[in-house]
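Visitor: Take a look at this one; I'll ask things after.
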Amino acid sequence: MLKLFDCMMCLFYRLVMAVYHDEVEIEDFEYDSEAEVYYYPCPCGDRFEISKLELQCGEDVARCPSCSLIIKVIYDLEEFMVCESVAMPVSEVANNFFIMLSKAFVCFGIRNNAVLLSPHFRTFSTSKAYLAKLTVRDALNAAIDEEMHRDDRVFLIGEEVAQYDGAYKVTKGLWKKYGDRRVVDTPITEMGFTGLAVGAAMAGLRPICEFMTFNFCMQAIDHIVNSSAKTLYMSAGQISSPIVFRGPNSTAVGVGAQHSQDFSSWFAQCPGLKVLCPFSSEDAKGLLKTAIRDENPVVFLENELLYSVPFDMSEEAMKDDFLIPMGVAKVERAGNHITLVSFSRMVQVCLDAAEELEKMGVSAEIINLRSLRPFDMETIKQSVMKTNHLVTVENGWHFCGVGAEICAQVMESEAFDYLDAPVLRVAGVEVPMPYAHNLETAAQPTPQDVIRVVKRSLNIK
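Residue numbering for the sequence shown is -18 to -1, 1 to 443, as defined by mature numbering (1 follows the signal peptide of the UniProt record, and there is no 0).
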């Protein structure tokens, strides 16, 4: 089987290289089966390695189109080779693929009804040397898995979370591991399954309630805000609701106005709820584990565009007991001239802007809030008292947004006396999200928008 796999790898590697007319010797390609890591050169002159764990996010890891193409081929071939139907002649295997070649991509579709073998065939290497990077998707999956293993009261409920592995594959493999009683598929009725989850939490279980997108949570807003968030107060502390409401929040790509709303400020305004917005893989894992263990209802706002992005993971973050406390912001980048405060995907927008600002001689300090309620005002104050300038960046709207609350709290604190310019905000355009790609891009903050506002704050022409 391994020999057949190697032959197929060589065959399609040559095929991909032929498409690009690149000069790469096949002998330069190596596969370390023991460590489950692929090593290969790239026509761009690079030579890099990628583990199986990173293959799914190949387009993000790859440094050029050729690399991305190679990774796609390797991943799809490897998925095919763990199928039961693998025992067939090479020619027949090739016929089972639908091959579409273009300058941009290679897409393979398996044309048979093969069923994946036992999950142990897909076990990834656990060597920390090869888990230096982890996608946000895999970090969330690991957090849920570890907490379900630690506490048998934890269960997962939502649409397509079980056999389908979740709409965004965050729950991949959990149904096979924990079964129907702890990974529960539901009908398309957010009001129904959210009510069930809240009731289960009040009865002593610890549900993780997944919304396919937080836009659908509006169907269940009564259960979240009235039943879950207020019950502890209304029962004089006798009834708690330890539940996590999680799923993708804010914009994606080409999903239109009704699937693109940012609910950060909506939920952060509600006493009784805790609201978390992770950015990196470490954020995702550490905060989700903390949320699951908390005795209060937690709204966990992920971002679809971050799911496949790989981030560095420390050795500490890979441990089962890794937790990030709520209400503690993180300084992602130190600086002296201006403070940029953001959360979720907009942190990356700020980091990209900071790279360009550095070329202009501007040193920007970037704060990743991570937690909107509870809120780490102290970190913001200390930074503003150092830089004397503040810009907030969010994907939601200006009016009554998170940035507006930050501005108000700075005005009410001693940090106000240290400001050399008014606090400025960067946010989404005040319109429903357009469907057209060019308008969709124009409606969201970009690094150029951040740079423009920073220059205005610092009075740079």
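The beta-carbon is built from N, C-alpha and C at its ideal position, and this holds for glycine as well.
With the cut-off set at 9 angstroms, would you say Ser222 and Asn285 are in Cβ contact?
Guide: No, Cβ-Cβ distance for Ser222 and Asn285 is not below 9 angstroms.
Visitor: Counting C-beta neighbours from all protein chains within 10 Å, is the total for Ser296 16 or more, i.e. buried, or is it exposed?
Guide: Counting Cβ neighbours within 10 Å, Ser296 comes out exposed, since fewer than 16 surround it.
Visitor: Taking 6 angstroms as the limit between beta carbons, can you name the residues of its chain near Glu422, skipping five residues before and five after?
Guide: Pro416, listed in sequence order.
Visitor: Measuring alpha carbon to alpha carbon, tell me which of His319, Pro169, Asn420 ends up nearest Ile442.
Guide: The residue with the shortest Cα to Cα distance from Ile442 is His319.
Visitor: Which word fits Asp399, buried or exposed, when buried means at least 16 other C-beta atoms lie within 10 angstroms of its C-beta?
Guide: Asp399 should be labelled exposed.
Visitor: Report yes if the C-beta distance between Ala250 and Glu141 is below 9 angstroms; otherwise report no.
Guide: No, the Cβ-Cβ distance between Ala250 and Glu141 is not below 9 angstroms.
Visitor: Below 9 angstroms between beta carbons: does that hold for Thr168 and Ile206?
Guide: No; because the gap between Cβ atoms is not below 9 angstroms, this pair is not in contact.
Visitor: Could you tell me which of Pro260, Ala125, Pro292, Pro189 sits nearest to Asn350, measuring between CA atoms?
Guide: The shortest C-alpha separation from Asn350 is found at Pro260.
Visitor: Glu314 by DSSP, collapsed to three states: which one?
Guide: Of the three classes helix, strand and coil, the one that applies to Glu314 here is strand, per DSSP.
Visitor: Do Gly317 and Ile348 have their C-beta atoms within less than 9 angstroms of each other?
Guide: Closer than 9 angstroms, so yes.
Visitor: Are the stretch 184 to 193 and the stretch 127 to 145 in contact at 8 angstroms, needing three or more beta carbon pairs?
Guide: Contact between the stretch 184 to 193 and the stretch 127 to 145 is present, because at least three Cβ pairs lie under 8 angstroms.
Visitor: Below 8 angstroms on the Cβ atoms is my contact criterion, and I expect Gly254 with Lys312 to pass it. Report the Cβ-Cβ distance as a whole number of Å.
Guide: So it is not a contact: roughly 25 angstroms between Cβ atoms.
Visitor: May I ask you to report which of helix, strand or coil DSSP gives Gln201?
Guide: Helix, per DSSP.
Visitor: Would DSSP call Pro416 helix, strand or coil?
Guide: Coil, per DSSP.
Visitor: State the DSSP-derived secondary structure class of Val72, mapped to helix, strand or coil.
Guide: Confidence is the limiting factor: at Val72 the pLDDT is only 36, short of 50, which leaves the residue's position unreliable, though a coordinate-based value still follows. It is helical.
Visitor: Give the list of continuous beta strand (DSSP E) stretches no shorter than 3 residues that lie fully inside the stretch 232 to 312.
Guide: Entirely contained in the stretch 232 to 312, the beta strand (DSSP E) runs reaching 3 residues are, in chain order, 256 to 258, 280 to 284, 292 to 294.
Visitor: Quickly, what does DSSP pair Thr117 with across the bridge? List them, please.
Guide: Beta-bridge pairing links Thr117 to Pro292.
Visitor: Is the beta carbon of Arg407 closer than 9 angstroms to that of Val436?
Guide: Against a cut-off of 9 angstroms, the Cβ pair of Arg407 and Val436 comes out as no contact.
Visitor: Using a threshold of 9 angstroms, state whether the C-beta atoms of Val252 and Arg352 are closer than that.
Guide: This sequence places Cys at residue 252; Val is not what is there. Not a contact, by the Cβ cut-off of 9 angstroms.
Visitor: Let me make sure I understand the geometry here. Which of Phe381, Trp379, Ser345, Val384 has the alpha-carbon closest to that of Asn370?
Guide: For Asn370, the nearest C-alpha among the options comes from Ser345.
Visitor: Taking the alpha carbon of Ser247 as the reference point, which residue from Gly378, Ile433, Leu122, Gln430 has its own alpha carbon closest?
Guide: Checked all of Gly378, Ile433, Leu122, Gln430; the closest Cα to Ser247 is Gly378.
Visitor: Taking the C-alpha atoms as reference points, what is the distance between Pro224 and Pro292?
Guide: Taking the straight line from one Cα to the other gives about 30 angstroms.
Visitor: Between Pro429 and the rest of its own chain, which residues show a CB-CB distance below 7 angstroms, the 5 nearest in sequence each way excluded?
Guide: Only Val331, Asp334, Ala335, Glu338 meet the Cβ criterion.
Visitor: Is the beta carbon of Ala266 within less than 8 angstroms of some heavy atom of the ligand SAM?
Guide: Ligands displayed in this structure: none; no statement on the ligand SAM is therefore possible.
Visitor: Give the secondary structure of Gln38 by DSSP, where H, G and I count as helix, E and B as strand, and everything else as coil.
Guide: With a pLDDT of 47 at Gln38, under the threshold of 50, the modelled position of that residue is not reliable, and no figure is offered here.
Visitor: Helix, strand or coil for Leu401? Go by DSSP, reduced to three states.
Guide: Coil at Leu401, not helix or strand.
Visitor: Whose CA, out of Ala390, Gly410, Lys271, Lys341, lies closest to the CA of Pro307?
Guide: The shortest Cα separation from Pro307 among Ala390, Gly410, Lys271, Lys341 belongs to Lys271.
Visitor: What distance in whole Å lies between the Cβ atoms of Asn197 and Gln145, which are believed to be in contact at a cut-off of 8 angstroms?
Guide: Not a contact, Cβ separation roughly 24 angstroms.
Visitor: List the residues that DSSP assigns as beta-bridge partners of Cys382.
Guide: In the DSSP output, where bridge partners are listed per residue, Cys382 has none listed.
Visitor: Which parts of the stretch 156 to 186 are runs of the beta strand (DSSP E), unbroken and 3 residues or longer, counting only runs that do not cross its ends?
Guide: With a minimum length of 3 residues, the continuous beta strand (DSSP E) runs that stay inside the stretch 156 to 186 are 165 to 167.
Visitor: Ordered along the chain, which non-local residues of its own chain (more than five positions away) have a Cβ less than 8 angstroms from that of Arg434?
Guide: Closer than 8 angstroms at the Cβ level, and outside the excluded window around Arg434, lies no residue.
Visitor: Measure the C-alpha to C-alpha separation of Glu128 and Glu172 and round it to an integer number of angstroms.
Guide: Between Glu128 and Glu172, the C-alpha separation is close to 26 angstroms.
Visitor: Within 9 angstroms (strictly less), CB to CB, does Ser324 reach chain B?
Guide: Note that chain B does not occur in the displayed structure, where there is just one protein chain.
Visitor: Assuming contact is defined by CB atoms lying nearer than 9 angstroms, are Leu258 and Val237 in contact in what I supplied?
Guide: Not a contact, by the Cβ cut-off of 9 angstroms.
Visitor: Within the continuous beta strand (DSSP E) that includes Ser209, where are the two ends?
Guide: Where Ser209 is concerned, there is no enclosing beta strand (DSSP E), given that its DSSP letter is neither H nor E.
Visitor: Could you please give me the residues that DSSP links to Glu396 through a beta bridge?
Guide: Bridge partners of Glu396: none, in fact.
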